[in-house]
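According to this note's numbering, the stretch in the sequence shown is residues 54 to 406, in order.
Worksheet for the structure shown next.
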Amino acid sequence: MFMNEKSALEEFLDLHDEKTWLTTVESLLPGIHEVDRNATQIWFRFFPLELFRILETVEDKSDLIRKFDMQGNYELVNQIDSSHKFLYGHRYWKEIKDEIASQAENFTANEQDLAGVIKQIAHNVSEKTGTPEILLVGITAVGLMTLVQSGLEKFKAVPGQINIDSQHLKKSPEKILAERAKDDSQGFFGFLKTVDRKWTVTYDENVNNAKFKAVDSEEIASAAARDQSQKWLEKDARCIEGVIPVECRSAACGTCWVGVLGGAEKLSEVARREEKSMKRFGYLYTEEVKPLIRLACQAQTNGAVSIVIPPWNGVFGKHLYRENVAEEVLEPATTSAKATREVVKEATKNQLL
């Protein structure tokens, strides 16, 4: 096979646009275990196909990246084994990856639809390993999209590493769901409290103590900024305050978007400003009042929640999805998001010196 020649499976997958992929994932949700229903939908929002395609085909990629104000690790090809570690199905990644690679070598469409291909690969792995198919469908869909955005050669080259330690590997789906549903105890007389209630926000379910506390009705980004347990800026140049990247507090920069694995119903409803901004950034188009993708600077918590932080951010919705984006300029109250970023970064650097 020549370097630029695609496998039959890749050619089949390339026939489907982003809307078809998202519709297919939605149709598969009943067959995805509850532990991964939210996670699978979130992953597809973290790595949108249309954004990948325009970045791959544009003449001046670096100029477009600047235009979209993209920061962080936005290329899926650089994180083939790790982008989906927040899915429970990540535990079976090696088997799923190997099956996809095998299918790529021998695939024939035979009038199959996208959902059928996903289910067939999940079924094959289930038959080989004894793993319930319901735990494999979500990670299979993710794996196939990863193939689309990385290419078969690079997809096959990675080892299929599982990025979860042995302690967390042992957790059952039911255990994880129970942990997501559990709220913090407020003490024996907690039911009498009207102020100072605190809720746990978990930002990585596969790491012990990857949590911070939020005061009742506090927006998540402000709560995250109080956690100075690690040198966040050294881990991610976008993390100028806490573990959640943030540049403003007015839904203007798009830096603080997060996915909500559990507890979406415990967050405040999406207000008009957040809704408009999410469309402008390109992260989400929905009429849901408590969706799975939120801006942490706007989402206020009234209970314990589990979130996942994407490795990048940008502003591309107004360019890619023009028909869905209202012409509305949203800037921080005092200065531009970029100026805020530079000022805070400089101040943080001075503190570290």
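Glycine residues also receive a C-beta, built at the ideal position from the N, C-alpha and C atoms.
Distance cutoff 8 Å, beta carbons only. Does residue i sit that close to anything in chain C?
i	result
residue 326	The chain inventory of the structure shown lacks chain C, comprising one protein chain alone.
Using the three-state DSSP reduction, which class does residue i fall into: helix, strand or coil?
i	result
residue 253	strand
residue 387	Residue placement at residue 387 cannot be trusted, given a pLDDT of 30 that sits under 50; the coordinates are not used to answer.
residue 125	strand
residue 348	strand
residue 354	strand
residue 320	strand
residue 135	coil
residue 341	coil
residue 327	helix
residue 100	coil
residue 159	helix
residue 197	helix
residue 404	Only weak support exists for where residue 404 lies, its pLDDT of 37 falling under 50; the coordinates are left without a value.
residue 219	helix
residue 85	coil
residue 336	coil
residue 202	helix
residue 145	helix
residue 75	helix
residue 177	helix
Residue i: buried (16+ other C-beta within 10 angstroms of its C-beta) or exposed?
i	result
residue 205	buried
residue 191	buried
residue 364	buried
residue 91	buried
residue 177	buried
residue 222	exposed
residue 201	buried
residue 112	exposed
residue 152	buried
residue 67	exposed
residue 235	exposed
residue 290	exposed
residue 354	buried
residue 162	exposed
Who pairs with residue i in a beta bridge, going by DSSP?
i	result
residue 266	253
residue 361	312
residue 91	DSSP, once it has assigned bridges, lists no residue as partnering residue 91.
residue 366	124
Since residue i and residue j should fall inside the 8 Å C-beta cutoff, what is the C-beta to C-beta distance between them, to a whole number of angstroms?
i	j	result
residue 348	residue 310	6 Å
residue 77	residue 168	5 Å
residue 256	residue 296	6 Å
residue 189	residue 145	6 Å
residue 211	residue 134	5 Å
residue 160	residue 100	At roughly 22 Å, the Cβ-Cβ gap does not stay under 8 Å, so residue 160 and residue 100 are not in contact.
residue 213	residue 150	5 Å
residue 317	residue 343	5 Å
residue 253	residue 237	5 Å
residue 23	residue 107	Past the edges of the chain, shown from 54 to 406, lies residue 23, and the structure says nothing about it.
residue 274	residue 313	So it is not a contact: roughly 14 Å between Cβ atoms.
residue 89	residue 140	5 Å
Give a single yes or no on whether residue i has its beta carbon closer than 7 Å to a heavy atom of the ligand NAD.
i	result
residue 285	Ligands are entirely absent from the displayed structure, and the ligand NAD is therefore not among its contents.
May I have a chain-ordered list of the beta strand (DSSP E) segments no shorter than 3 residues that lie completely inside the region 270–315? 310–315
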